[in-house]
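Novice: I'd like to ask some things about the structure below.
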Amino acid sequence: MDYSYRLVRLALLSFSLSAIGLSGVDANAANPELKSANQSIESSAGHRTFPSVLLPEPANGEHAIGLLGSKLPDLASWYGMSTAQLAKMIREDTSVWLDKRGRIFYVEMEEPTEQSITEPLTTPETALNQEQTFKLHSKPGAPRSILLDFDGHTTIGTAWNNSYGTPIVSPAYNTEGVPETFTQIELDRIYLMWRQVAEDFAPFNVDVTTEDLTNPADLAIDPIARDTFEDLLFGTRVVITQNTFSNCGCGGFAYLRVFDDYGANTNYYKPAFVFNSSVVGAGEAITHEAGHNLGLNHDGQTNGTGYYTGHGSGATGWAPIMGVGYYQQLVQWSMNTYPLANQPQNDIQLIQDYGAPLMTDDHVDDMSIVNDVTAMTITSNGATDQLNGFGIIHLGSDQDMFKFDANLGNYSISVQTDDVSPNLDIEASLYDSNGVLLQTDNLSEVLSASLNGSFASAGTYFLKIDGVGKGDPLDKGYPDYGSLGQYIISATVQSVSNLQGPTAHIGAPSYLPDYAPVSVSFTSTGSEDDGTIVSYDWLFGDGTGMTTTDPVDDPVHEYLAPGEYTASLTVTDNTGLSDQDSIAVSVINRAPIAVIAGDPLTGQAPLQVAFDSTGSQDDDPQSSISFDWDFGDGASSTQATPSHLYSAAGNYTATLTVIDNLGASDSKYIDINVETPPFINQIAYGEIFTAGSVNGNYQDSALGSDASQTITERQSGGKKQNRYSYLTHTWLFSIASGNLVEIHLDASMSSPPDLPTLPDDQIILSYSVDNGASFSNFATLSNSDNGHYSATLPQDVSGEVRVKAEDSDQSAGNNTWFDSITIANLYIRSETDSSLTPPSAPTGLSTSSVSSSQINLTWLDNSTDESSFNIERSLNGTSWTQVQTLAAETTSYNDTGLSADTLFYYRVYASNGAGNSLMSNIATHSTQPASDFNLSASGYKYKGVKHIELYWQEYQTVDIVLDEVLSQGLTGISGADTAGEYYYDLNTGLKGGSSHSVQVCESGTSNCSDTLNIEAFPSL
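Spelled out as structure tokens, the structure:
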């Protein structure tokens, strides 16, 4: 039989248990063998107060020893070493580092190339979908957990943040370059890595899982965090990701001996990180980093080798887990038993000491009390019996005994290890009922065992399973110390009942393949038995079936839908033995019919085309169809009636492919002609705040925003008689060249309504084509003027253009009142240039989440003649909104002010005088969950100086970051009666009209709020 079925069955069983909510007591009830493993942890050195150490910086090697000075003995004692042992380890193992508090962490070597490591099976025997993959549990309900975190993680408030900043956003495991989802290849790899780690921890009562069940709100049920010493439900998290927050060129990070930490900082030194990506490279590293969390140091050599890479070759090539397991197939826990071993540590004992108890023994060791020996399960096949059993060798001293009954005659017994990175080398021994050894098998170059022969008499026989070593550990061998793990037994023996089973035969003599519906007359003719057949169980392969008791009732079944079916007949006789036969039934599938339409089919860029698949159909009963649109410009859709925007001129062929539920398809095509528009409209990409109070921003002033921007004069400083009101504000454009380039805007000017009708000055509109060196006036507004204003720019102008609004009188004493100008529908129009071609499309668009309100974008600029880049955003990947226009040669953009915990889609295109490029690829990212600070802020001016009022929910004493400059240890006023629990009035000490960014952080930590941008500062 295929022994791998059992591990897949367990994986799927654990998935189903988790899916229906079995946990804690319920999961223990479902797995009674785990109940007794909820052991308490005895008080140990790990729970003593850590010595007071404060280093100026993280350090390793001699530098670390020098910084520790007189603290070295205390630190060595806490880690259970002599002073000399700790000094030697720090000095010789360059991967050992001390953080500023003296805690040891490891910076691991990077994995080698794929070609140099030993890969296991690359495709599992059963492909799991994404939901199943992220609900895997090796021991559901176990009191300890190791969470394998593949789907991305945000680390905040930990020692890692103290070193690298906050938050640390780790992207999901991604080897296929598709960040939006997990490919089946990636899911297969995750499953195989889980299998590796589950085998490494098989001897321990630890649930190796891919399901994140952490609950920060209730640490008593959180499987990772440990609330108190009495809390026995805890573990660690290992994040498998890309190294996005350090430049170590390493394979991972982990702190030493933190698995069983408890209290307020239970997770302060977690998680561990793995940056390797291959199945073996990452799989071995996961166990290795979890081993550090459990108190294990590196297995090196006294000759200065930091990691022992093992010895031997083939299935019995050996290496220690806490060395390097990339190059050997048998990687085990160890105890100083290899050439030149430098680490006198007992891995299995230390793992127990620091938090992970052993499993209780699942099978007795000998046959002294026959009734206590586990009987193998039996499936009768008439003259023979199929025997099955499985277990775990959890210690070097552990042996497992099984019993079974067999008749005289041939037997065949196979004992197999886990088929993914096994840790167990099996010896199988066969005994008769008197304890006489009949046969033993332990081949030196394989890990499994098999026994074959013939029993001379019927009786009860016993099978003993033992984990063994090989040869001399100091000469390419290994001891039985780490020969632990799972095994499965499959055997065939002669049945003691020696009954003959029936023979099944299924037929369909008149059946021919046809279109649905198809009626098939089945027969059981030819089925026979030496006794009496008492039931005929029919399964038709379409989810239906029936049972008959007489051949005269052989069924006629109608297949209503096309497909390939397997009909089966199982016959059972009066002794309970059965047999099965099957036959294939084919119901022919009609291909669907595609109908395509679009409107309009011609027009100027950008052209919005509404596509329609109405009339597409599949004539088969019980069928369904899906839609796959290729719009011819790199974009696609799976909607039935999508709408698509062609941003660039050109001739496109849109293709609709209709696919039925069985994979048959039909395609139709339609041509789209997108003409170059006579002109393109360009909006501002930024603004310069010089003077004035601003309500709104440059995006509000843009064409099509349905909003406006108002700038109001402010008063200058100085002596009262010399003060004046003034306003200066500039909008920035990056424009395409054209035969005709025009500025357009709607503007209105106003003064306070209760003052004389004539203003004390006017507001002048002007433009600059030389980066602000000089300006040309094109409009002057007086009080109550309201209209559309335009100006023609010099011929052949391109690149940066500035548009400025400025009051006309900034002389001393002119401060009677403050005038305002409101700007809307501001844009620059360029005639398209027939001598140009549209720019090349940007590529490589990628996104990253910075906070709960900001996503950063980067892309590659593939053109040399663009005038601007345009950013579009969507909530569903279908309906798009332009959110920003950027200057030429820009390759990044920070999108702020977003909703928390929301998925956003982005795409980018370039523009010039000939029109728009094709769209870039679509990139997606979700903003982070909302910060607990719930920070809100507003600005105001007092005597010309800008203040920011801050309200927040958590931590009265905070650090405030203004424009990325830190002010430490500020105390908020409690009992704020508006937007938060705490309040602080931040005096910036600054004047003028520019905007500012602000953020609050828990004092002395990297736990921070979102960053807010404050643009409006009205005067009080």
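Residues -29 to -1, 1 to 991 (mature numbering (1 follows the signal peptide of the UniProt record, and there is no 0)) make up the sequence shown, in order. Just so you know, even glycine gets a beta-carbon here, dropped at the ideal spot from N, CA and C.
(1) Between the beta-carbon of residue 464 and the beta-carbon of residue 321, is there less than 8 angstroms?
(2) In the region 727 to 769, which residue ranges form an unbroken beta strand (DSSP E) of at least 3 residues, counting only runs that do not cross its ends?
(3) Say whether the region 896 to 903 touches the region 929 to 939, bearing in mind that this needs 3 or more beta-carbon pairs closer than 8 angstroms, one atom from each stretch.
(4) Quick one: give me the first and last residue of the alpha helix (DSSP H) that residue 251 is part of.
(5) Just the C-alpha distance for residue -11 and residue 103, rounded to the nearest angstrom, thanks.
(6) Quick check on residue 957: does DSSP put it in helix, strand or coil?
(7) If residue 369 and residue 343 are in contact, beta carbons under 8 angstroms, what's the gap, nearest whole angstrom?
(8) Do the region 956 to 972 and the region 632 to 644 make contact, defined as three or more Cβ pairs closer than 8 angstroms?
(9) At the level of alpha carbons, what is the spacing between residue 398 and residue 438?
(10) Take every Cβ of the region 686 to 701, pair it with every Cβ of the region 777 to 789, and state whether three or more of those distances are shorter than 8 angstroms.
(11) Residue 297 and residue 387 - do their beta-carbons sit closer together than 8 angstroms?
(12) For residue 713, name the three-state secondary structure that DSSP assigns.
(13) Of the residues 558, 719, 65, which one's Cα is nearest the Cα of residue 276?
(14) Between residue 99 and residue 610, what straight-line distance do the alpha-carbon atoms span, to the nearest angstrom?
(15) Would you mind giving the Cβ-Cβ distance between residue 173 and residue 209, rounded to the nearest angstrom? I have them listed as a contact below 8 angstroms.
(16) Is residue 237 helix, strand or coil when you go by DSSP?
(17) Of all the beta strand (DSSP E) runs that stay within the bounds of the region 333 to 403, which reach a length of 3 or more residues?
(18) Starting from the C-beta of residue 543, find all residues in its chain whose C-beta is less than 8 angstroms away, skip the five residues before and the five after it, and write them out in chain order.
(19) Below 6 angstroms CB to CB, which residues in the same chain sit around residue 780 once its five sequence neighbours on both sides are set aside?
(20) Looking at C-alpha atoms only, which residue of 493, 535, 919, 593 is the closest neighbour of residue 518?
(21) Sorted by chain position, which residues of the same chain lie with C-beta nearer than 6 angstroms to residue 528's C-beta, five sequence neighbours on each side aside?
(22) So residue 295 and residue 280 are supposed to be a Cβ contact under 8 angstroms. How far apart are they, rounded?
(23) Can you confirm whether the region 863 to 879 touches the region 820 to 831 when touching is taken to mean that 3 or more C-beta pairs between the two stretches lie within less than 8 angstroms?
(24) Are at least three pairs of beta-carbons, each pair with one atom in the region 754 to 769 and one in the region 651 to 659, less than 8 angstroms apart?
(25) Label residue 13 either buried or exposed according to how many other C-beta atoms from any shown protein chain fall within 10 Å of its C-beta, with 16 as the threshold for buried.
(26) Measure the CB-CB distance between residue 754 and residue 737 and report whether it falls below 8 angstroms.
(27) Could you check what DSSP says for residue 168 in three-state terms: helix, strand or coil?
(28) Who are the near neighbours of residue 261 in its chain, counting only those whose CB is closer than 7 angstroms to its CB and skipping five residues on each side?
(29) Use the C-beta contact count for residue 186: other C-beta atoms within 10 angstroms, 16 or more gives buried, fewer gives exposed.
(30) For chain E, find out if any of its Cβ atoms is closer than 8 angstroms to the Cβ of residue 809; answer yes or no.
(31) What residue range is occupied by the uninterrupted alpha helix (DSSP H) comprising residue 56?
(32) So, with DSSP's three-state summary, where would you put residue 665?
(33) For residue 848, which option in 885, 819, 892, 883 has the closest C-alpha, if you only look at C-alpha atoms?
(34) In angstroms with no decimal places, state the Cα-to-Cα distance between residue 305 and residue 108.
(35) Which same chain residues end up closer than 8 angstroms to residue 452 when comparing Cβ atoms and leaving out the 5 residues on each side of it in sequence?
(36) From what residue to what residue does the alpha helix (DSSP H) around residue 48 run?
Specialist: Reading from the atomic positions:
(1) no
(2) 734 to 739, 747 to 752, 757 to 763
(3) no
(4) 250 to 264
(5) Its pLDDT being 32, under 50, residue -11 is placed unreliably in this model, and the coordinates cannot settle the point.
(6) strand
(7) Not quite, the Cβ-Cβ distance comes to about 15 angstroms (not below 8 angstroms), so this is no contact.
(8) no
(9) 6 angstroms
(10) yes
(11) no
(12) strand
(13) 65
(14) 27 angstroms
(15) Not confirmed; about 17 angstroms, so no contact.
(16) coil
(17) 348 to 352, 355 to 364, 370 to 377, 380 to 388, 397 to 402
(18) 473, 504, 505, 506, 508, 549
(19) 732
(20) 493
(21) 491, 511
(22) 5 angstroms
(23) yes
(24) no
(25) At residue 13 the pLDDT is 34, less than 50, meaning the model places this residue with poor confidence and gives no usable figure here.
(26) no
(27) helix
(28) 117, 207, 209, 243
(29) exposed
(30) The chain inventory of the structure shown lacks chain E, comprising one protein chain alone.
(31) 54 to 63
(32) strand
(33) 892
(34) 25 angstroms
(35) 303, 304, 305, 306, 308, 319, 367, 440
(36) 43 to 49
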